[in-house]
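First up is the structure itself, then whatever we jot down about it.
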Amino acid sequence: AQSVTQLDSHVSVSEGTPVLLRCNYSSSYSPSLFWYVQHPNKGLQLLLKYTSAATLVKGINGFEAEFKKSETSFHLTKPSAHMSDAAEYFCVVGDVRGDKIIFGKGTRLHILP
Amino acid sequence: EADIYQTPRYLVIGTGKKITLECSQTMGHDKMYWYQQDPGMELHLIHYSYGVNSTEKGDLSSESTVSRIRTEHFPLTLESARPSHTSQYLCASSDLGSRRNEQFFGPGTRLTVL
Numbered sequence: 343a344q345s346v347t348q349l350d351s352h353v354s355v356s357e358g359t360p361v362l363l364r365c366n367y368s369s370s371y372s373p374s375l376f377w378y379v380q381h382p383n384k385g386l387q388l389l390l391k392y393t394s395a396a397t398l399v400k401g402i403n404g405f406e407a408e409f410k411k412s413e414t415s416f417h418l419t420k421p422s423a424h425m426s427d428a429a430e431y432f433c434v435v436g437d438v439r440g441d442k443i444i445f446g447k448g449t450r451l452h453i454l455p
Numbered sequence: 029e030a031d032i033y034q035t036p037r038y039l040v041i042g043t044g045k046k047i048t049l050e051c052s053q054t055m056g057h058d059k060m061y062w063y064q065q066d067p068g069m070e071l072h073l074i075h076y077s078y079g080v081n082s083t084e085k086g087d088l089s090s091e092s093t094v095s096r097i098r099t100e101h102f103p104l105t106l107e108s109a110r111p112s113h114t115s116q117y118l119c120a121s122s123d124l125g126s127r128r129n130e131q132f133f134g135p136g137t138r139l140t141v142l
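For the protein sequence lines, the chains are U and S, in the order given.
Just so you know, the numbering used here puts the end of the first sequence at 455, numbered straight through with nothing missing.
Just so you know, the numbering used here puts the end of the second sequence at 142, numbered straight through with nothing missing.
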């Protein structure tokens, strides 16, 4: 069965410093992986996705993630945080049939001025 | 413009009332989903559909029901709302032909049952 673990429930960084949100997955096959962002009182927006092409995936708003099979990780990074990045971030793994996706518990990113 | 719409965005209602949460998409997608999200928590799948006249229960047990009479419409109904149903409900859709799981989400309905 597939599963995903987000290692930090809360991350705080200062504006202008790098962001790292950690995600590990478990899957018996080559997974599809996603990062979604949810701003307060808003729906989910897809940041980026990995679907077995390039291991370094670039997304919107300057975010990127690297798929590392040996470490079963898909960490989300951004070189320089902006106040508008404050939100909840979900790491997501897709199931083998393509029917469903499984969400991590989320990481709340706080940006300090 | 292709999008997913949910109404109402916010609903406060008394115990025992029947409610229907609406979800419509103009994405041309066959698959649609309903998720429940408690504050500060992850999303849990409660219902999904492969297309017209198809409905399946998700991973989290729910007292709600769904119907899929039209491709673009996937309403969720609670026959008798209770305070335990207070939550955010998110609708999503994806392309049946896609094997890579990408789903597109609506803005959500925040339900409060008093």
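We put the beta carbon where it would ideally sit given N, CA and C, even for glycine.
For residue 69 (chain S) and chain U, any beta-carbon pair shorter than 8 Å? For residue 69 (chain S), the closest Cβ of chain U is nearer than 8 Å.
Please confirm if the region 407 to 418 of chain U is in contact with the region 387 to 399 of chain U, defined as three or more CB-CB distances below 8 Å between the two stretches. In the pairwise beta carbon analysis, the region 407 to 418 of chain U is classified as touching the region 387 to 399 of chain U: at least three pairs are separated by under 8 Å.
Along the beta strand (DSSP E) that carries residue 436 (chain U), what are the first and last residues, could you check? Start and end: 429 to 436.
Any chain S beta carbon closer than 8 Å to residue 401 (chain U): Using beta-carbon distances, residue 401 (chain U) does not count as an interface residue toward chain S, since no partner is under 8 Å.
For residue 48 (chain S), the first and last residue of its enclosing beta strand (DSSP E): Run containing residue 48 (chain S): 47 to 53, per the beta strand (DSSP E) assignment.
Can you look up residue 402 (chain U) in the DSSP assignment and give me helix, strand or coil? Helix, per DSSP.
Per-residue burial, residue 117 (chain S) [other beta carbons within 10 Å of its own, 16 or more giving buried]: Buried: at least 16 other Cβ atoms inside 10 Å.
Rounded separation between residue 70 (chain S) and residue 31 (chain S) - CA only: CA-CA distance, residue 70 (chain S) to residue 31 (chain S), rounds to 23 Å.
Run of the beta strand (DSSP E) containing residue 386 (chain U), from where it starts to where it stops: Going by DSSP, residue 386 (chain U) is part of the beta strand (DSSP E) stretching over 386 to 392.
Three-state secondary structure (DSSP) of residue 425 (chain U): In the structure shown, residue 425 (chain U) sits in a helix (DSSP, three-state: H, G or I).
Determine which residues of the region 433 to 449 of chain U have a Cβ less than 9 Å from any Cβ of chain S, and write them out in chain order. Within the region 433 to 449 of chain U, the residues whose Cβ lies closer than 9 Å to some Cβ of chain S are 434, 435, 436, 437, 439, 440, 441, 442, 443, 444, 445, 446, 447 and 448, listed in chain order.
Tell me the DSSP bridge mates of residue 57 (chain S)? Residue 57 (chain S) pairs with nothing; no bridge assigned.
Could you name the residues of chain U that residue 118 (chain S) contacts, counting a contact when the two beta carbons are closer than 8 Å? Chain-order list of chain U residues neighbouring residue 118 (chain S): 385 and 386, by C-beta distance under 8 Å.
Pull out every residue of the region 44 to 57 of chain S whose Cβ sits closer than 8 Å to any Cβ of chain U, in chain order. Within the region 44 to 57 of chain S, no residue has a Cβ that lies closer than 8 Å to any Cβ of chain U.
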